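One structure below.
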Amino acid sequence: MAGHSKWANIQHRKGRQDAKRGKVFTKLIKEITVAARMGGGDPNFNPRLRMAIDKAKAENMPGDNIDRAVKRGTGELDGASYEEIRYEGYGIGGAAVMVDCLTDNRTRTVADVRHAFSKHGGNLGTDGSVAFMFKHCGQFIFAPGTAEDALMDAALEAGAEDVLSNDDGSIEVISPPADFVTVKDALEKAGFKAEFAEVTMKPLNESPLAGDDAAKMQKLLDALDSLDDVQEVYTTAVMDEE
100 MAGHSKWANI QHRKGRQDAK RGKVFTKLIK EITVAARMGG GDPNFNPRLR MAIDKAKAEN
160 MPGDNIDRAV KRGTGELDGA SYEEIRYEGY GIGGAAVMVD CLTDNRTRTV ADVRHAFSKH
220 GGNLGTDGSV AFMFKHCGQF IFAPGTAEDA LMDAALEAGA EDVLSNDDGS IEVISPPADF
280 VTVKDALEKA GFKAEFAEVT MKPLNESPLA GDDAAKMQKL LDALDSLDDV QEVYTTAVMD
340 EE
């Protein structure tokens, strides 16, 4: 058994994302553009682009927006050139935080990220200061009540690395990042659709926070996530739902 209120925290996170839907389109357009620039404009041969387009469709992004983002990435349309940067730091109670950014102005981005950390009780660290606390992987989380044995058989046959039963009844499937799309397709073909599925930085150990510490940590995470250049925020912190 593993996990700390995994299901409640995933639902909480999804709710917060839904509340910020306006910014979701901006992030997805950036990701599609960069994915197309790095791996070409055909999602059949570019798993990162395929994932980004799937996310965009799940958010009901119009097809024209997706097509334009792909064309900006392949150079068919003019657009800003983004670079990927990762910042690492610490939040409340020493919880680790990693911040993935896509930016056209590195100086602006680091200043914004540093300000968010310092304003909300965190500290921006150096490269590598917390990266070892996370595992880069594909992560699928299935609702409590999912048929565990059947899911495990399907997942391992599809190439997953591990299947974990969380103490709240949810089930977690872990895959190598490069096999995420293959595993996702195979699981869906077998009748298993994850409530949450993405390539992520999974904490190797969690840092439970409650009360004021949890509230402060959530403010820090929200401040980072609200920055225009920030794509993803990962943390070892797990906030107890009060």
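Be aware that the sequence shown starts at 100, since it is given in our numbering, and climbs by one per residue.
Virtual Cβ for every residue (Gly too), placed ideally from N, Cα, C.
Predicted, not measured: the structure shown is a model, and the values here were computed from it.
For residue i, the first and last residue of its enclosing beta strand (DSSP E)
| i | result |
| --- | --- |
| S306 | S306 to L308 |
| G237 | F233 to F241 |
| V332 | V329 to T334 |
| F279 | Not the beta strand (DSSP E): F279 falls in the alpha helix (DSSP H), residues F279 to K288. |
| E297 | F295 to P302 |
Residues that residue i bridges to, as DSSP identifies them
| i | result |
| --- | --- |
| I270 | F241 and S264 |
| N222 | Y189 |
| A155 | None; A155 has no bridge partner. |
| E183 | L201 |
| V196 | G188 and T334 |
Nearest-angstrom Cβ-Cβ length linking residue i and residue j, presumed shorter than 8 Å
| i | j | result |
| --- | --- | --- |
| G192 | L303 | Actually they do not touch by this definition, with Cβ atoms about 17 Å apart. |
| T125 | G178 | At roughly 13 Å, the Cβ-Cβ gap does not stay under 8 Å, so T125 and G178 are not in contact. |
| E187 | S228 | 5 Å |
| G268 | G244 | 7 Å |
| M150 | V298 | 7 Å |
| M197 | F239 | About 20 Å separates the two Cβ atoms, so there is no contact after all. |
| S180 | D163 | No, S180 and D163 are not in contact; Cβ-Cβ is about 22 Å, not under 8 Å. |
| T208 | D339 | Going by Cβ atoms, the distance from T208 to D339 rounds to 31 Å, so no, they are not a contact pair. |
| V370 | P146 | Only positions 100 to 341 of the chain appear in this structure, which leaves residue 370 out of reach. |
Residues of its chain near residue i, where Cβ-Cβ distance is below 6 Å and the 5 sequence neighbours each way are ignored
| i | result |
| --- | --- |
| D213 | Reading off the sequence, residue 213 comes out as Arg, not Asp. Excluding residues within five positions, the ones whose Cβ falls inside 6 Å are L223. |
| I128 | A168 |
| F241 | I270 and A293 |
| R171 | T132 and G178 |
| A215 | A322 and L323 |
| A259 | V272, S274 and V282 |
| D278 | G258 |
| L326 | D211 |
| E341 | Low confidence applies to E341: its pLDDT is 48, below 50, so where it sits in the model is not reliable, and the reading given next is rough at best. Once the five neighbours on either side are set aside, E341 has no close Cβ partner at all. |
beta-carbon residue i near the ligand ADP non-hydrogen atom, thresh 8 Å
| i | result |
| --- | --- |
| G188 | This structure lacks the ligand ADP, and indeed carries no ligand of any kind. |
C-beta neighbour in chain B for residue i, strict 9 Å
| i | result |
| --- | --- |
| D324 | Reference to chain B is not applicable here, since this structure consists of a single protein chain. |
Neighbourhood of residue i by C-beta, 7 Å cutoff - its chain only, sequence neighbours within 5 removed
| i | result |
| --- | --- |
| A289 | A253 |
| D324 | V332 |
| M160 | F124 and L127 |
Own chain residues within Cβ distance below 8 Å of residue i, not counting five before or after
| i | result |
| --- | --- |
| D312 | I191 and G192 |
| Q330 | K126, K129, E130, D199, C200 and L201 |
| G357 | Because residue 357 is not part of the residues shown, which for the chain are 100 to 341, the question remains open. |
| K156 | I165 |
| L176 | R167 and K170 |
Residue span of the alpha helix (DSSP H) that contains residue i, given as start and end
| i | result |
| --- | --- |
| V169 | G162 to T173 |
| L255 | E247 to A257 |
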